[in-house]
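Chemist: My structure is below; once you've seen it, I'll send some questions.
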Amino acid sequence: EFLFECLLCNSEILIWSVYCCLLLLTEERLFFSKCHTVYGIESLVRSLQDVLQLNNVELHKQGLLLFTEILKRQPVEIKLFTNRGVCIEAIDVLMETVNCPVLEVVVEAVRTVAAFLRKDHLSSPPVPYEELQKLLEAVLKRCADLSPPQSSKRHAGDLPFSVSQSHPANRNLSRVSQRQGQFLLNTLESFRNACRLAVEFQSEFMAQENAFTAPNSKRKDTLSNFSEFLLRICDSLCIPMVMNYLERAVSPSVMEVFISTLNTLFIVVPNMRNKFSKKLASSSFIRLTLELKARFCSVQSNPALNQACSSFLCSLCLSLYSATEKERTSFQEQEMSELLQKGLPQLNYTVAESLLLLAETPEPFSLDQSLCSHQHCFILLLHFAYTFGDSSNLLECRFVPEAELFLAVRNFLQSVQDHGDCPPPYILRAAVYLLAVCQDKGKALDLRSLCTIRRILDNLPDLSLVYLLKFLLRYPELMGRFGYQVLQLWFSWEDCKQTETEEAGFGVSDQLNSANPLLPILKSNSSILLILLDLVCSSSVEVAWKVLMTLRTFLERNEDVLVCDLLRSQFLQILQQLLVESSSTSLQDNRNLPVLLSLLFLVQLRNKGVRELDSTDFKLLHQVSNLCGKCRPRDTDLLQPSLNFLYWSLHQTTPCSQQRAVAVLLSNVSLLELLQKVLECTWLRSPPSEPAYLSSEDALLCSGWLLVASLLLYQHRYNTEVHQTLSLDLTEVLNAVIFRKKKPVLLLVSIMQFLKAVLRQKFSSSLLVIIGQNTAQGATQPQPSSLQDAALHPLAMQQVFSLVVSLQNLLVHVQLQKDLLLSQAIVTCLETLLEYLHVKNQDVALHVASQPWHRFLLFTILNGGQKSFLQPEVLRLMTLFLRYQSSNIISQKEISQVLQEAAEANLAELPEATSRALHLFLCQIQSSHYQVETVQFGTIQTLLEHLLEQRSTCMKNQDIV
C-alpha cells in the first residue's frame with residue numbers, strides 16, 4: 001500500500017524505483033491473492049496519466065510494463081476493476097500511449113492493450129463497448145500507419161521468398177521487418193483478444209447492452225454493434241495490413257495469430273458468417289492457408305500454426321457448404337466436419353504434391369484411410385476455391401494448373417470406380433464440378449472415363465448443378481441422359497428471381513441464387529431452350545413458372561438472339577396445354593399464362609422485318625384471340641401481352657397475311673366485346689394521381705386503343721366482313737383528350753391514334769358505330785352554327801374548337817417536357833382533323849387553320865425549346881398552315897428564316913423526323929406556288945436533292961409499335 005501511495009509523488013526517480021519494486025512483486029502470487037493490485041490499480045492508472053505528461057520515455061515504458069504484468073497475472077476469480085470509472089480512465093491512458101510519437105512506447109502500449117482485453121477485466125456492467133471500439137481502431141490504424149505502402153497489388157496467396165542475410169542492407173532490412181513483425185504480432189493479439197471477448201460476452205445477458213440507457217433512445221453501447229465493428233474493421237484495416245506485411249516477410253507466429261483471429265470471427269457475428277466466408281474464399285484465403293501449411297507445417301513443425309490453419313479451413317468449408325447446400329442434413333454436416341477435422345492437420349503438401357496425391361491408389365484391403373481422407377479434403381478445398389474465387393485470377397497466379405487438375409481429378413474418379421469405393425455424395429459432386437470447370441483446359445474424356453462419369457451421375461442423389469450443363473454439352477451421350485434431369489432439379493430447388501449482385505458490406509456476387517449462371521449457357525447453346533420448354537409442359541406449376549421467368553429474362557437481355565422459329569411451335573403446344581388445363585373461371589389463377597404470353601410477345605419482337613404468317617402463326621392468333629374473349633377487363637396480366645401480340649401480328653406481316661389476320665380477329669365476337677369494355681374503362685376509371693406513371697390498367701387501355709385503331713385501318717383497307725360492331729360515344733372519346741385529368745402520355749397518344757383512324761375514314765367504318773353525338777340545345781331553337789354542325793357530322797363546331805385549343809395547350813406543355821412521341825401525335829391529330837374539316841366544309845377548315853392562336857403557338861414553341869426552326873413539330877405546323885394558305889400565321893420572313901437555317905445546317909446530322917418534316921415543308925412551298933425569290937428557289941431545289949439522297953428507301957412505320 002505504501003508503494004502504491006508513493007506513485008502519487010512528483011519525483012521521477014522515486015516513481016521509477018516504485019515501478020521496479022512493484023514489478024518484482026508481480027512475480028509473487030500473494031501480491032495478487034491479498035488483493036494488493038485491486039487496492040493499487042487506481043493509483044497506478046493515475047500515476048500513468050501524470051507520467052505521460054513528462055518527457056521520460058523509459059519511465060513511460062516501465063509504467064506500461066508494470067501495468068501489463070498486473071493485467072496478465074491478475075487471477076480470473078479476483079476482479080481487478082471494481083470501479084467502472086477507473087476502467088474508463090485506463091482505456092484513456094491506453095489511447096494516449098497508443099498515439100504517442102515514440103515507437104518504443106507504442107509497442108509496449110499495444111502489449112498492454114492485449115493484456116487489458118480480458119473478460120474479467122471488463123465484465124462490470126455496463127461494458128464500455130464504444131470506448132473499446134475507439135481504442136481498437138486507434139491500435140490498428142497506428143500499426144497500419146507504421147507499415148510501408150504496398151509496392152504492388154498481390155493476391156492473398158502470394159507468399160514471398162525468404163530474404164538473404166548475407167548483404168548488410170539485407171540484414172538491416174531484416175531487422176526492420178522483424179521489428180515491424182513484432183509490432184504487428186502485438187496488434188493482432190490485441191485484436192484477437194477483442195474478438196474472443198465478444199464471443200465470451202455472447203453468453204452473458206448483462207453484457208449484451210447497456211442496461212442504463214434511457215428509454216426510447218438509440219443504444220450504441222451494445223455487444224451487437226461491437227461485434228459488427230470487429231467484422232467491419234477486420235475487412236477494412238486488419239486484412240489489408242497483414243497482406244501488406246506478407247509482401248516483405250512471413251512469420252509463422254504472426255500468421256498463427258492472424259488465422260486464428262479470422263477463425264474466431266466466424267462466430268463473432270453469426271448472421272454474417274456466410275457473407276464473411278464468401279468474401280474470404282473469393283479473396284484466395286484457401287490458397288494462402290494451404291501454402292502456409294505446406295511451407296511451415298511439414299514434418300510436424302509449427303503445430304500452433306498448423307492447428308490454427310486447419311481449424312480455419314474447417315470452419316470456412318462448413319460455412320460455405322451451409323451457404324450453398326439448401327438440402328443439406330445435420331448428418332452430412334457432421335460427416336464433413338469429422339472428415340475435415342481428421343484430414344486437414346495432415347494435409348501439409350504443396351500443390352504439385354497434392355495433385356500427385358489425388359492420382360494415388362490406396363492399397364487393397366488396407367485399413368489406413370488417411371490417403372482417402374487427404375484426397376477428399378483436397379477436393380473439397382479446391383471445389384470451394386473455384387466456386388467462390390475468381391477463376392481467372394486463380395489461373396493467372398498458377399494456384400492449380402487446370403490441365404493438371406483435370407487429369408488428376410479424372411484419375412481420382414477412375415480409381416474410385418475401379419476399386420469400388422463409395423465417397424460421400426458431396427465429394428463426388430465436388431470432383432465432378434472440378435472436372436467441369438477445367439474441361440476447357442483438358443483433353444476430351446475417353447469412352448472409359450465417360451462411362452465412369454455416367455455411373456457416378458446415376459448414383460448421385462441430386463444433380464441440381466447448373467455448371468454441369470456446359471460440361472454435358474460437350475458429350476451428347478451425357479447431355480441426352482442427364483440434361484433434362486439437371487435442369488429440372490435445379491429449377492426445383494433454386495430461387496430463380498434476380499437477386500442483389502452484391503452482398504451488403506462485402507460485395508460478394510451471389511450467383512447461386514439467381515438465373516445468371518444459366519443465361520450465358522443459353523446464349524451459346526440454343527438447343528437447351530427446347531429442353532426448358534419441355535420442362536414447362538411436363539413439370540409442376542412452380543417449376544414451369546421459374547423456367548418461364550428465366551426464359552423471359554434471357555430474351556429481355558439478349559435482343560440479338562434469333563430464336564423465333566425454334567420457339568413458336570413449342571409455345572403453341574404449351575399454350576394449348578395450359579388452356580386445356582384451365583377453364584374460363586380459373587384462367588386468372590394460372591400465373592404461368594401471363595408469363596408465357598409475355599414470352600410469346602418478346603419472341604415476336606425479334607422479327608425485325610416483314611414476314612409471311614404460317615399455319616403456326618394463325619393457330620397462335622386464333623388461340624390468343626379466344627383467350628382474350630374469355631377474360632375480363634381487369635385481367636391485365638393476361639390481356640396486356642395478348643393485345644400486344646395481336647397488334648404486332650397485324651403490323652409485322654405482308655398484305656396477304658394481314659388481310660387473313662384481320663379476318664380472324666374480326667370474326668371473334670367475344671374479342672370485340674372485350675375490346676368494347678376495355679375502351680369504355682377509359683372514362684369510367686378514376687384519374688391516376690401521378691400523370692407520368694403508367695399503371696398496368698393504363699397500359700392495357702393503350703394496347704386496346706392501338707389495336708382498335710389498327711382494326712379500323714385494315715378493315716377499311718381490305719373491306720373485311722364485320723360480325724360484331726364497336727359502339728363508342730364520340731363525346732367521351734373527345735373529352736378524354738380535351739379534359740385530360742392527368743392521363744399518362746402513352747394513353748393520350750393511343751387515343752389520338754384512334755382519332756386519326758376514324759377521322760381519315762370520315763367516321764364511315766362499318767366496324768364502328770358512333771353514339772351519343774352532340775346536338776344543339778333544344779330541337780325547336782336551332783343554333784346559328786347548326787348548318788355547320790350538320791356539315792361536320794358527327795362532329796360539332798364547338799367540339800372542333802375545344803379539341804384544337806386542347807391540342808394547342810398540350811403541345812406547349814409537351815415542348816417543356818421534350819416528349820417527342822406525344823408532340824408528333826398531337827401534330828398528326830391536328831393534320832388529320834384539318835383534312836377531315838377540309839373535306840366536309842372548306843370554309844370551316846380555313847377558318848380553323850387561320851386562327852391567330854396558331855401563330856402564338858408556333859412562337860411559344862420556338863421560344864421555349866431549341867429556338868430553332870429545324871424542329872419536326874415546327875416544320876410540320878408551318879407545312880400545315882401553308883397548305884391551308886394561312887398567310888396571317890406564316891409570313892415570308894419565317895419562310896426565309898427556315899430556308900437560311902436549313903442551308904447552313906449539316907443535313908446528314910439531322911434526325912430522321914426532322915429531315916422528313918423539312919422535305920414535306922419544301923415540297924409544300926413548291927406545290928402551293930408560294931412567291932419566293934429566285935435565290936430561294938435555287939436553295940429549295942438544292943435542299944430537296946440532298947434530302948432525297950439521304951432519305952432511306954424503307955420508311956419506318958409511324959404508328960406506335
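Counting in this note's numbering, the sequence shown tops out at residue 961, every number present. No residue lacks a Cβ here, since even glycine has one placed at the ideal position from N, Cα and C. Just so it is clear, the structure is predicted and the values come from calculations on it, not from any experiment.
#1: Please say whether L522 and I531 have beta carbons closer to each other than 8 Å?
#2: Does DSSP classify I770 as helix, strand or coil?
#3: If you follow the alpha helix (DSSP H) that L748 is in, where does it begin and where does it stop?
#4: How is the beta strand (DSSP E) around L726 delimited, first residue to last?
#5: Under a Cβ-count criterion, where at least 16 other Cβ atoms within 10 Å of its own Cβ denotes burial, should M963 be classed as buried or exposed?
#6: Does the count of Cβ pairs from the region 675-683 and the region 698-705 closer than 8 Å reach three?
#7: Just checking, does the region 764-772 make contact with the region 839-847 on the three C-beta pairs under 8 Å criterion?
#8: Taking C-beta to C-beta, are L292 and M255 nearer than 8 Å?
#9: Apply the 10 Å Cβ neighbour rule to S33 and answer buried if 16 or more other Cβ atoms are within range, or exposed otherwise.
#10: Do you know whose CA, among R632, R634, L713 and N644, lies nearest A663's CA?
#11: Tell me, to the nearest whole angstrom, how far the beta carbon of C143 is from that of L94; I am working on the premise that it is less than 8 Å.
#12: Report all residues from its chain with a CB closer than 6 Å to the CB of F229; omit the five preceding and five following residues, and keep chain order.
#13: Please identify the residue among S766, E732 and S764 whose C-alpha is closest to the C-alpha of I751.
#14: To the nearest angstrom, how far is it from the Cα of L837 to the Cα of Q753?
#15: For a minimum of 4 consecutive residues, which ranges assigned as the alpha helix (DSSP H) are wholly contained in the region 38-103?
#16: State buried or exposed for C21, treating a residue as buried only when at least 16 other CB atoms are found within 10 Å of its CB.
#17: State the DSSP-derived secondary structure class of T264, mapped to helix, strand or coil.
#18: Mind checking who E209 pairs with in its DSSP beta bridge?
#19: Within the continuous alpha helix (DSSP H) that includes R455, where are the two ends?
#20: Is the CB-CB distance between S190 and L117 below 8 Å?
#21: Go through its chain and collect everything with a Cβ distance to S354's Cβ below 6 Å, but skip five positions before and after it.
#22: When you compare each of L605, A281 and L947 to E556 by their alpha carbons, which one comes out closest?
#23: In its own chain, which residues sit with a C-beta less than 7 Å from the C-beta of R487, not counting the 5 before and 5 after it?
#24: Could you compute how far the alpha carbon of P270 sits from the alpha carbon of S373?
#25: Drop a sphere of 10 angstroms on the beta-carbon of S540, count the other beta-carbons inside from all chains shown, and report buried for 16 or more, exposed for fewer.
#26: Output yes or no for whether 8 Å exceeds the beta carbon distance between V409 and A385.
#27: Does DSSP put S509 in a helix, a strand or coil?
#28: Kindly confirm or deny that the region 732-750 and the region 716-723 touch, where touching means at least three C-beta pairs closer than 8 Å.
#29: Here's the rule: buried if 16 or more other CB atoms are within 10 angstroms of the residue's CB, otherwise exposed. What is V839?
#30: Report all residues from its chain with a CB closer than 6 Å to the CB of L457; omit the five preceding and five following residues, and keep chain order.
#31: Rank F491, A757 and Q799 by C-alpha distance to the C-alpha of W545 and give the top, closest one.
#32: Quick check for students: name the residue ranges of the alpha helix (DSSP H) that lie wholly in the region 780-852, counting only runs of 4 or more.
#33: Is the region 316-323 touching the region 290-304 in the sense that three or more CB pairs, one from each, lie closer than 8 Å?
#34: Thinking C-beta only, is L71 closer than 8 Å to A115?
#35: According to DSSP, which residues form a beta bridge with T653?
#36: In this structure, does DSSP put Y475 in helix, strand or coil?
Modeler: Reading from the atomic positions:
#1: no
#2: strand
#3: V745 to R760
#4: L726 to D729
#5: This structure gives no information on residue 963, because the portion of the chain shown stretches from 1 to 961.
#6: yes
#7: no
#8: yes
#9: exposed
#10: L713
#11: With a Cβ gap of about 14 Å, C143 and L94 do not count as contacting.
#12: Q133
#13: E732
#14: 18 Å
#15: 57-73 and 84-98
#16: exposed
#17: helix
#18: T222
#19: L447 to N459
#20: yes
#21: F378
#22: L605
#23: It should be pointed out that residue 487 corresponds to Leu in this sequence rather than to Arg. Counting only Cβ-Cβ distances below 7 Å, and skipping sequence neighbours, we find I531, L532 and L535.
#24: 29 Å
#25: exposed
#26: no
#27: Confidence is the limiting factor: at S509 the pLDDT is only 34, short of 50, which leaves the residue's position unreliable, though a coordinate-based value still follows. In the structure shown, S509 sits in coil (DSSP, three-state: anything other than H, G, I, E or B).
#28: no
#29: exposed
#30: F482
#31: F491
#32: 786-792, 797-817, 820-840 and 842-849
#33: no
#34: yes
#35: R611
#36: coil
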